[in-house]
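Q: Under the UniProt record's numbering, think of the first position of the sequence shown as 1, with each following residue one higher.
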Amino acid sequence: MHDYIKERTLKIGEYIVETKNTVRTIAREFGVSKSTVHKDLTERLPEINPDLANRVKEILEYHKSIRHLRGGEATKKKYRKDETKRKMAKNLHVERGVSAPL
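1. Does the beta-carbon of K17 have 16 or more other beta-carbons within 10 angstroms, so that it is buried, or is it exposed?
2. When the distance is taken between beta carbons, is E14 closer than 8 Å to L45?
3. Quick check: L60 and L41, are their CB atoms within less than 8 Å of each other?
4. Let me know if I66 comes out buried or exposed under the rule of 16 or more other beta-carbons within 10 Å of its beta-carbon.
5. Which of the three DSSP states, helix, strand or coil, is assigned to G13?
6. Taking the runs of the beta strand (DSSP E) that are 3 residues or longer, which of them lie wholly in the region 10-62?
7. Check M88 in the structure and name its three-state DSSP category.
Written as structure tokens, this is what we have:
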């Protein structure tokens, strides 16, 4: 394993323990893919630093256990936003005296 991969893996491992951010957020912040972050944390980190890997594993398991809740919240938020836009567009049409599209 190349040194830069080991360094990145350790940095990501320490970062997730400090921040408890999701894999997606960490990938964005480190400029790598979610797959790379996941591989670093689940395959490479246990070889490099087993203690850190165990702490990271707990965080990843927690994120996995609540992902259905996060997904539900994101969907709920999206549809609320869409509903607000539709209501605003409908009100705009009524104010102008134009019939609202179906």
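C-beta: ideal position from N, C-alpha, C; glycine also.
Fair warning: this is a prediction, and the values are worked out from it, not measured in the lab.
A: Reading off the structure:
1. Just to set this straight, residue 17 is Val in the shown sequence, not Lys. Exposed: under 16 other Cβ atoms inside 10 Å.
2. no
3. yes
4. exposed
5. Three-state result, G13: helix.
6. Listed in chain order, nothing qualifies, since the region 10-62 has no complete beta strand (DSSP E) run of 3 or more residues.
7. Under the three-state reduction of DSSP output, M88 falls in the helix class.
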